[in-house]
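Residue 14 is where the sequence shown starts when you use the numbering used here, and the numbers rise one by one after that.
All C-beta atoms, glycine included, are put in the ideal place defined by N, C-alpha and C.
Let me begin by presenting the structure, written as structure tokens, before commenting on it.
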Amino acid sequence: SKDYLEPKLSGWEDFLLLQTPNKVYLDIVNSTHMFANSALNGHPAGPWLAYFVQHFALGLPTDALLYGTGPGSLAKAGLTPSGERNSGGQGHDIGFLACRETDVPRGRG
């Protein structure tokens with residue numbers, strides 16, 4: 014939310030362009046991918062990125078941390094209150110959004 018080098022909402026707009034059903038938008042308050050709070054210095058998004066990769070690349074059961082609402086989940090982390098400069102949505106009311114493909118019953122072929 015403190016990234017003033019990129020256009021306002023550019024991360025949200027990029028998120029909307031993604032065609033994959035499995036994706037996470039995360040706007041962390043007082044964070045940037047530049048300077049002191051960057052990925053090089055322990056960015057707060059790092060663990061969430063790791064959970065996403067662990068689940069979708071390695072098949073580990075870390076999806077509940079991203080998509081669930083239990084203790085330790087992204088929904089309970091308090092990292093992304095709405096109303097920030099780069100919060101998504103028309104009213105800047107989306108601090109994070111986790112989307113995933115659901116299991117669809119397959120018909121007989």
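Rounded to the nearest angstrom, how far is the Cβ of residue i from that of residue j, given a contact under 8 angstroms?
| i | j | result |
| --- | --- | --- |
| R98 | P34 | Rounded, the Cβ-Cβ distance is 28 angstroms, inconsistent with contact. |
| D40 | T93 | 5 angstroms |
Please go through the same chain and pick out, in chain order, the residues whose beta-carbon is closer than 7 angstroms to the beta-carbon of residue i, but skip the five residues on each side of it.
| i | result |
| --- | --- |
| L87 | W61, L78, L79, F109, A111 |
| V42 | S14, L92, T93, P94, E97 |
If distances are taken between C-alpha atoms only, which option among the options comes closest to residue i?
| i | options | result |
| --- | --- | --- |
| V37 | G59, L18, P84 | G59 |
| H105 | Q32, A70, G24 | G24 |
| L18 | L31, I107, L29, S44 | S44 |
Which same chain residues end up closer than 6 angstroms to residue i when comparing Cβ atoms and leaving out the 5 residues on each side of it in sequence?
| i | result |
| --- | --- |
| D76 | H68 |
| R119 | In this prediction, R119 scores a pLDDT of 39, lower than 50, which makes its location untrustworthy; the coordinate-derived value is nonetheless stated afterwards. So the list is empty, once near-sequence residues are dropped. |
| V66 | none |
Where residue i and residue j are concerned, what is the direct C-alpha to C-alpha distance, given to the nearest angstrom?
| i | j | result |
| --- | --- | --- |
| G72 | K89 | 23 angstroms |
| Y64 | P57 | 13 angstroms |
| G9 | G81 | What is shown of the chain runs 14 to 122, which leaves residue 9 out entirely. |
| T115 | K21 | 31 angstroms |
| L29 | I107 | 12 angstroms |
| A70 | Q32 | 18 angstroms |
| P74 | S100 | 28 angstroms |
Looking only at its own chain, which residues have a Cβ that is under 8 angstroms from the Cβ of residue i, when we skip the five neighbours before and after it?
| i | result |
| --- | --- |
| G83 | A77, K89 |
| G85 | L78 |
**Completely contained beta strand (DSSP E) runs for the stretch 36 to 121, where each covers 3 or more residues** = 36 to 39, 109 to 112
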